[in-house]
Structure formats: C-alpha cells, structure tokens
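Protein chains: 2
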Amino acid sequence: MATSTVENYLKHILLLAEGGDDLVSMGELAGALAVVPGTATTMVKALADGGLVAHEPRQGVRLTVEGRRLALNVLRKHRLVETFLVNVLKMDWSKVHDEAERLEHAISDEVLDRLDTLLGHPATDPHGDPIPSPQGKLSAEVYATLATCVAGRPLRIVRITEQSADFLQFAEQQGLQPGTELRVAARNLTAGIVTLRDSSGATIALSLTAAGKILVEVVK
Amino acid sequence: MATSTVENYLKHILLLAEGGDDLVSMGELAGALAVVPGTATTMVKALADGGLVAHEPRQGVRLTVEGRRLALNVLRKHRLVETFLVNVLKMDWSKVHDEAERLEHAISDEVLDRLDTLLGHPATDPHGDPIPSPQGKLSAEVYATLATCVAGRPLRIVRITEQSADFLQFAEQQGLQPGTELRVAARNLTAGIVTLRDSSGATIALSLTAAGKILVEVVK
DNA sequence: CGCGCTATTTTGATTAGTCAAAATCAATCT
DNA sequence: AGATTGATTTTGACTAATCAAAATAGCGCG
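Protein sequences, first through last, are from chains Y and X. If you count the first sequence from 1, position 214 lands on 214 in this note's numbering, and the numbers rise without skipping. So the number in this note's numbering is just where the residue sits in the second sequence, counting from 1, plus 1000.
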C-alpha cells in the first residue's frame, strides 16, 4: 500500500496537471506540498522507481497510468468525504478540507463505496468540484446545482433544467440565466432557502427546490 | 499532536491495564502492538519523557493522568467509529475493527462529537464494549442490549428493563433471565428480528423491541 | 560566445519508528 | 551461595521523509 505521503504527491500532481499541460514542475509541486524543492525531487525519483510517475529531469513530472489511477482514487475519497461531512454531519464547510485531507488516507475502498451509496452517488462535492467516478473518469462536464454548493465560491450558471414557462420567466426576471456570474451568499438547509448574491451585489432568495434546477460551474 | 503510533501505545496500555492491576509489562505491550520488546522499551521511555506514562524499569508501565486522558479519547473514537460503520454504513462487523483502527487516528474531536450526536449518544459499541464518555469516564457498569450487539460474542444477561408481567413471564419461559449465557446468532435490522442461541444450542427469536429491553454484558 | 540568473539536483544531516542480537538484571532452583 | 533461566534493556543499523545548503544545468541576453 502507498503511504499517505505518496498518495499526497500523486494527488497534487494530478491537480496541478489539470490546468495547462500535464507536465508539473518541481517548483509547483514543492509549493503545493509545502516542502523544499530538493525534497520533491527526491520523492519524485522514488515514485518514478515505483512506476507511478515519469520524471523528465529538469523538466517536470507526469503521472503514469497506474499513478493516475491511484491519484483519482484519493481525490474521489477526498471529495466524497467532504460531501459526507457537509451533508450528513452538517459541518461548516470551511473546516471540512483539513478533515478530509486526513481521512482520504484512512478510509478503505469499501467504506468509500458505502459512503457513495449513502450520499446518493453525488456528481460534485459541496464546492462544486467534480467527484471522479469509481472507474476513474473525472468529468469537467459535470455540473453542481445552486442547491448543493456551499457559500462563497464564485459560480457561473450553465443551464436551467426546468422547461416550464413560469419558472424560466421568473429566472429571467431575476437575471438568472446561463452565463450569469454569482455566488451563494447563504444556505439554510432546515429552512430550505438559498440566498444568492449577483455581481452587482443584489441578493436573491430561492427555494432549495428551485435552486436544484439551476446548474452551475465553478469560475476559476 | 501525538502521532498515531503514540496513540496506539497509549490505547493498548489502557486496554491491557483494564484486567488485573494497572502496571503493564513490556512483554504484554510488545505483543499487543506486534513489535519486538526492545522497541516497546524505547518507545515507553520516550512516552515517559513526554509525561504520558510512568516507567518502572524492569517492572512495567502505567499511564499518567494525561496519558489516560489521551488514551480514553482514542478509545472513544475507535468505538464510536465502529458503531457508525455498523449502524449507519451497515458494514459487516468482522471488517470494522481494522477500519476503525485507522480512522481513530484521523478524525478530529469535532467529527467525534458530531458522530456521537448522529448515533444518539450510544453507551456501547456493537460488540457490547462500553464507549468512554466525553469527560473520560469508562464505565464497566454500562450495559449493551441484545438489540445492539453484533452476532457471535458470548454474552450474559444482567437485567431486564421491562416490568410488565407479560414480558417477564415470556422471558422466563424462554429461559431469558439474569445470569443466562447466550449469544446473538443473527441480527436482521430490516426485518427487526434478533435470533439468539443459548448454551444448549437452542435458538430463540425476538423482536428488536423486546431485545432492546434485555441488558447484557460481554463474557470474558 | 560567454555571463549570470533561476530552477533543479545533490549532498549531508536529522527525526520517528523499527529490528536483530548482545548485554544485563532479577528471580528461582538446586 | 552460585548457576540457570527468562524478561528487559541496550546497542548498532536501517527506512521513510524531511531540511539546509552547496553544486549544477539551462536559459536568455549583451
């Protein structure tokens, strides 16, 4: 079994490779892991020996097929655990990241699957980030809804999944249409109300049901 | 923060001290932790430096007040996690121990509290072992019920918490009275049925409600 | 072409935890 | 008492992961 240090290196290489090409520099990697560059070099060479990454000296590092498989499994654990902590344990989302950072290395694949079932196979975590599928697909085409996103993150509306004229008209009046950028200001699960704030600073209140019809993506 | 190795040493010293006096020999400790005796000696001296245990050379080791506090916290995490895995995730109880062994070192005190609330502040884990209170009381006087115990463990009835004549008469007819030794043969939560097997090998079926009225302790 | 800047790699040292095997202690048994 | 036995402690060595600081390789620029 990979140590949790190894899992962390793989996960960060995956995340850093997402934006831009898939070759990650030692500087970036060391920064993300909060270690000095020399440490990253040493570890990456060890990972390369184990067949988990390919190291191009002085250029950077890239995941092998096997390394990517492991990295996606860790990322899946991280995001499902975050979803569990927010949706089931009602934890404040600002605290869940650190918690998930430790739990992602401690839970077995079986617990992972059972959590997934308990949560109803969510497609994104509460930040709107996509959860890799069990088969290791990480789709950027999966969208969160306004009902499942935590407050704070800048979002952009991509689709309204409700065709009734009433609803569409209401949405349009509120300025809620594909392309609109906004963020969730507050989310009250017990009251079933989601409050939004658009770029002009105006707030809009929506029922949880209505919010669930509006697909969004995270603005980078 | 104590490393998970330190937490494991403390937890095992606590558990080994339970039966008999509170001085634990290096041999016992090394055996429980699956390390060679020399390793246990080295670690125990380090723990003594940190004020977590008192080491009587050639005699054994005992927890300090602070060490006991930490050990009870770890044990509480272990047993609540086990309860969560069995009651919420419906995991097979034979698998939960190893899982909890890892998770007990990964969850924060906040998650611990929220799990406790989610589970309704259980007094014992699914094995019938008492869960230490948040204040660090580990009561041997807390009993599990036949409704909450997993199958397999040898149990002894200690009390029937139902005074109606009907119920007591039924219990007596089935040979279910304080002192009777038996074990849970099967437990079907969805059907709400618990099947018992007494020392003669006979089986008795009970509703979950009825089983919940019968307090038991684990036979050592 | 050669110089210097910056990122990367190498080197040497450190910490936590471990094992194997040798040394030591204490208690018992003639 | 003296020898034997069994547990405990000590010693020396190892692995994984890290840092600090020195060495090196590329790159662009004059």
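Glycine included, every Cβ here is placed at the ideal spot set by N, Cα and C.
For residue i, report the span of its beta strand (DSSP E) as first-last.
| i | result |
| --- | --- |
| Ile1160 (chain X) | 1154-1160 |
| Gly60 (chain Y) | 60-63 |
| Val53 (chain Y) | 53-56 |
Express the C-alpha separation of residue j and residue i in angstroms, rounding to a whole number.
| i | j | result |
| --- | --- | --- |
| Gly1120 (chain X) | Phe1084 (chain X) | 11 angstroms |
| Leu1155 (chain X) | Ile1214 (chain X) | 11 angstroms |
| Ile131 (chain Y) | Pro37 (chain Y) | 30 angstroms |
| Asp1198 (chain X) | Glu1181 (chain X) | 6 angstroms |
| Leu206 (chain Y) | Ala100 (chain Y) | 30 angstroms |
| Ser133 (chain Y) | Arg1102 (chain X) | 24 angstroms |
| Leu1158 (chain X) | Ala106 (chain Y) | Residue identity differs from the one stated: residue 1158 (chain X) is Val in this sequence, not Leu. Computed Cα separation, rounded: 37 angstroms. |
| Thr1209 (chain X) | Leu1189 (chain X) | 11 angstroms |
| Leu138 (chain Y) | Pro1178 (chain X) | 57 angstroms |
| Pro1057 (chain X) | Val1044 (chain X) | 10 angstroms |
| Ile204 (chain Y) | Leu1115 (chain X) | 34 angstroms |
| Asn1008 (chain X) | Gly67 (chain Y) | 31 angstroms |
| Gly1027 (chain X) | Thr42 (chain Y) | 38 angstroms |
| Val6 (chain Y) | Lys1220 (chain X) | 41 angstroms |
| Gly76 (chain Y) | Ser108 (chain Y) | The sequence given here has Arg at residue 76 (chain Y), not Gly. Distance between the alpha carbons of Arg76 (chain Y) and Ser108 (chain Y): 12 angstroms. |
| Glu1018 (chain X) | Ser1004 (chain X) | 21 angstroms |
| Leu1047 (chain X) | His1078 (chain X) | 21 angstroms |
| Ser164 (chain Y) | Asp1098 (chain X) | 52 angstroms |
| Leu118 (chain Y) | Ala1140 (chain X) | 34 angstroms |
| Thr1064 (chain X) | Ile1013 (chain X) | 11 angstroms |
| Asp1166 (chain X) | Val1216 (chain X) | 20 angstroms |
| Ser200 (chain Y) | Arg187 (chain Y) | 20 angstroms |
| Ala1002 (chain X) | Val142 (chain Y) | 40 angstroms |
Name the one or two DSSP bridge partners that residue i has.
| i | result |
| --- | --- |
| Val1218 (chain X) | X:Leu1155 |
| Ile193 (chain Y) | Y:Asn188, Y:Ser207 |
| Asp1263 (chain X) | Only positions 1001 to 1220 of chain X appear in the structure, and residue 1263 (chain X) is not among them; the question remains open. |
| Ala144 (chain Y) | Y:Val216 |
| Val81 (chain Y) | In DSSP, Val81 (chain Y) forms no bridge with anything. |
| Thr1124 (chain X) | X:Pro1130 |
Could you check where the alpha helix (DSSP H) with residue i kicks off and where it finishes?
| i | result |
| --- | --- |
| Ser133 (chain Y) | Per DSSP, Ser133 (chain Y) belongs to no alpha helix (DSSP H) and is neither H nor E. |
| Thr203 (chain Y) | Element bounds for Thr203 (chain Y): not the alpha helix (DSSP H) but the beta strand (DSSP E), 203-207. |
| Val96 (chain Y) | 93-103 |
| Ala1046 (chain X) | 1037-1049 |
| Ser108 (chain Y) | Note, Ser108 (chain Y): premise wrong, no alpha helix (DSSP H); not H, not E. |
| Ala17 (chain Y) | 4-18 |
| Leu33 (chain Y) | 26-33 |
Below 9 angstroms between beta carbons: does that hold for residue i and residue j?
| i | j | result |
| --- | --- | --- |
| Asp1092 (chain X) | Val1218 (chain X) | no |
| Leu1023 (chain X) | Gln1059 (chain X) | yes |
| Ala211 (chain Y) | Ala123 (chain Y) | no |
| Glu104 (chain Y) | Val74 (chain Y) | yes |
| Arg69 (chain Y) | Gly136 (chain Y) | yes |
| Leu1080 (chain X) | Asp1125 (chain X) | yes |
| Ala71 (chain Y) | Lys11 (chain Y) | yes |
| Leu52 (chain Y) | Ala40 (chain Y) | no |
| Ala1032 (chain X) | Leu1015 (chain X) | yes |
| Gly1152 (chain X) | Val1194 (chain X) | no |
| Ala171 (chain Y) | Ile160 (chain Y) | yes |
| Val1096 (chain X) | Val1111 (chain X) | no |
| Leu196 (chain Y) | Leu176 (chain Y) | yes |
| His127 (chain Y) | Glu82 (chain Y) | yes |
Mind pulling the chain Y residues with CB within less than 7 angstroms of residue i?
| i | result |
| --- | --- |
| Arg1102 (chain X) | Ala106 |
Under 9 angstroms Cβ-Cβ, which residues of chain X neighbour residue i?
| i | result |
| --- | --- |
| Glu99 (chain Y) | Ala1106, Ile1107, Ser1108, Glu1110, Val1111 |
Determine the chain Y residues that contact residue i at a beta-carbon separation under 8 angstroms, and present them in chain order.
| i | result |
| --- | --- |
| Arg1114 (chain X) | Leu89, Lys90, Met91 |
For a contact meaning CB atoms closer than 8 angstroms, what does residue i contact in chain X?
| i | result |
| --- | --- |
| Leu118 (chain Y) | Val1088, Leu1089 |
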